[in-house]
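Asker: Residue 128 in this note's numbering sits at position 117 of the sequence shown; the count goes up by one each step and never skips. Even glycine gets a Cβ: it sits at the ideal position worked out from N, Cα and C. All of these numbers come straight from a predicted model, not from anything done at the bench. Provided herewith is a single structure, encoded as structure tokens, for subsequent inquiry.
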Amino acid sequence: MDEKLNLVRGILRETGGCVVAFSGGVDSAVVTALAREVLGDRVLAVTGDSESLPAREREDAVRVAAYTGARHRFIRTKELSDGRYAGNPPNRCFYCKDELYSRLFEIAREEGLPAVVDGQNADDALDYRPGSEAARRHAVRSPLKEAGLSKAEVREIARAREIPIWDKPASPCLASRFPYGTPITAELLDRVDTAEIFVRSLGFRDVRVRARGGSATVEVEPGSVARLLEPVLASRVAEALQDMGFADVRIDPEGFRSGKLNDGITDGESVNR
12 MDEKLNLVRG
22 ILRETGGCVV
32 AFSGGVDSAV
42 VTALAREVLG
52 DRVLAVTGDS
62 ESLPARERED
72 AVRVAAYTGA
82 RHRFIRTKEL
92 SDGRYAGNPP
102 NRCFYCKDEL
112 YSRLFEIARE
122 EGLPAVVDGQ
132 NADDALDYRP
142 GSEAARRHAV
152 RSPLKEAGLS
162 KAEVREIARA
172 REIPIWDKPA
182 SPCLASRFPY
192 GTPITAELLD
202 RVDTAEIFVR
212 SLGFRDVRVR
222 ARGGSATVEV
232 EPGSVARLLE
242 PVLASRVAEA
252 LQDMGFADVR
262 IDPEGFRSGK
272 LNDGITDGES
282 VNR
């Protein structure tokens with residue numbers, strides 16, 4: 012672990028200054044904290060904000076960036092205005108990241124920072140992730156991946172540094188809740204976000220509300236499925252989500268599994284998690 016950490020520090024020091032693609036998740040938080048450690052004020056964390064970003068992610072981004080001590084800003088991204096993204100093809104994430112990285116390099120030039128880095132880790136190569144192709148095309152550095160750090164190792168580093176979200180579940184963009192080919196709109200994204208906030212408020216930690224047509228399938232962590240299936244609670248969830256505009260509501264008996272909507276996709280890299 013120490014050897015890998017030193018590799019990450021070396022990569023960051025080598026940049027001479029960087030903009031961090033900062034989602035507010037544990038991976039980008041660790042990169043930002045280490046960059047601040049070795050580069051001081053020559054680090055700027057930037058979060059892309061749009062209808063696709065879950066509401067709680069904005070709050071976490073502010074809180075975690077402040078914890079690292081790095082400068083932080085939001086930029087408004089407009090992926091929904093790109094039909095290639097809004098049409099929700101399997102490589103949707105590429106178009107989102109392509110815009111984001113273009114904007115980050117513009118900011119890096121304005122700030123006099125030579126590089127843009129992201130929070131990809133070594134495990135990310137195991138799933139279907141078209142956003143990684145955008146990172147390669149823009150020459151974005153991925154220090155955690157380059158150093159061979161797994162997600163579990165990144166969490167351990169975050170825990171040791173007392174980064175407050177060290178055990179936070181992954182939270183990909185809201186567009187990932189829809190099957191490929193389902194057009195994405197701001198209204199649909201808001202409906203899914205509102206539904207997940209409600210289910211989470213009932214004490215569930217890892218929540219996905221998958222929307223297909225007018226229906227919703229609710230996934231929670233496997234160990235909590237039995238509780239969600241209790242008749243009174245299940246009825247409460249169904250009624251609330253129907254009031255939000257879902258025609259019918261189903262609880263997935265398998266529970267949440269990352270990459271479920273990527274089943275059957277075998278080449279490239281992942282978006283629907």
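Starting from A126, trace the beta strand (DSSP E) both ways and give me its first and last residue.
Answerer: Its beta strand (DSSP E) spans residues A126 to V128.
Asker: Rounded to the nearest angstrom, what separates G51 and D13 at their Cα positions?
Answerer: Cα to Cα, the separation comes out at about 21 Å.
Asker: I need the straight-line Cα distance from Q253 to A206, nearest angstrom please.
Answerer: Using only the alpha carbons, I get a separation of about 10 Å.
Asker: State buried or exposed for G36, treating a residue as buried only when at least 16 other CB atoms are found within 10 Å of its CB.
Answerer: Answer is buried; the Cβ neighbour count reaches 16.
Asker: Going by DSSP in three states, T277 sits in which element: helix, strand or coil?
Answerer: Annotation note: pLDDT 45 at T277 (below 50); position unreliable, coordinate value reported separately. Reduced to three states, the DSSP call for T277 is coil.
Asker: What does the Cβ neighbour count give for K89, buried or exposed, with the cut at 16 atoms within 10 Å?
Answerer: It is exposed - the Cβ of K89 has fewer than 16 other Cβ atoms within 10 Å.
Asker: Can you give me the C-alpha to C-alpha distance between Y112 and C29, rounded to a whole angstrom?
Answerer: Their Cα atoms are separated by approximately 13 Å.
Asker: Shorter than 8 Å from the beta carbon of K156 to some beta carbon of chain C?
Answerer: Of the chains in the structure shown, none is chain C; there is only one protein chain.
Asker: Based on Cα-Cα distance, which residue from E198, I86, A171 and I208 lies nearest to S182?
Answerer: That would be I208, whose Cα lies nearest to the Cα of S182.
Asker: Where does G21 fall in DSSP's three states?
Answerer: Note: G21 maps to helix in three-state DSSP.
Asker: Among D217, R103, G159 and V248, which residue has its Cα nearest to the Cα of D134?
Answerer: When each option's Cα is compared against that of D134, the closest is G159.
Asker: Between R69, F257 and V128, which lies nearest to H149 when the distance is taken from Cα to Cα?
Answerer: With distances taken between Cα atoms, H149 lies closest to V128.
Asker: I'd like the list of long-range same chain contacts for L124, defined as Cβ closer than 7 Å, with 5 residues on each side in sequence excluded.
Answerer: So the qualifying residues of the chain are G28, C29, V30, R53 and L55.
Asker: Excluding the 5 residues preceding and the 5 following G279 in the sequence, name in chain order all residues of the same chain whose CB lies nearer than 8 Å to its CB.
Answerer: Low local confidence applies: a pLDDT of 40 at G279 is under 50, so the model's placement there is unreliable, and no value is given.
Asker: Using only alpha-carbon positions, find the residue among L200, F33, V248 and V231 that is nearest to D263.
Answerer: The option with the nearest alpha carbon to D263 is V231.
Asker: Using CA coordinates, which residue listed in K179, A245, L199 and V203 is at the minimum distance from R216?
Answerer: Of the listed residues, the one whose Cα sits closest to R216 is K179.
Asker: At which residues does the alpha helix (DSSP H) containing F116 begin and terminate?
Answerer: Taken as a continuous stretch (DSSP letters only), the alpha helix (DSSP H) holding F116 covers R103 to E122.
Asker: Taking just the CA atoms, how far does S92 sit from C107?
Answerer: Going from the Cα of C107 to the Cα of S92 covers about 10 Å.
Asker: Which residue comes first and which comes last in the beta strand (DSSP E) that contains D201?
Answerer: Looking at the DSSP string, D201 is not in any beta strand (DSSP E); the run it does join, the alpha helix (DSSP H), is A197 to S212.
Asker: Taking all protein chains shown into account, do 16 or more other C-beta atoms lie within 10 angstroms of the C-beta of L240, making it buried, or fewer, making it exposed?
Answerer: L240 should be labelled exposed.
Asker: Alpha carbon to alpha carbon, how far is F105 from S187? Give it in angstroms, no decimals.
Answerer: For S187 and F105, the distance between alpha carbons rounds to 13 Å.
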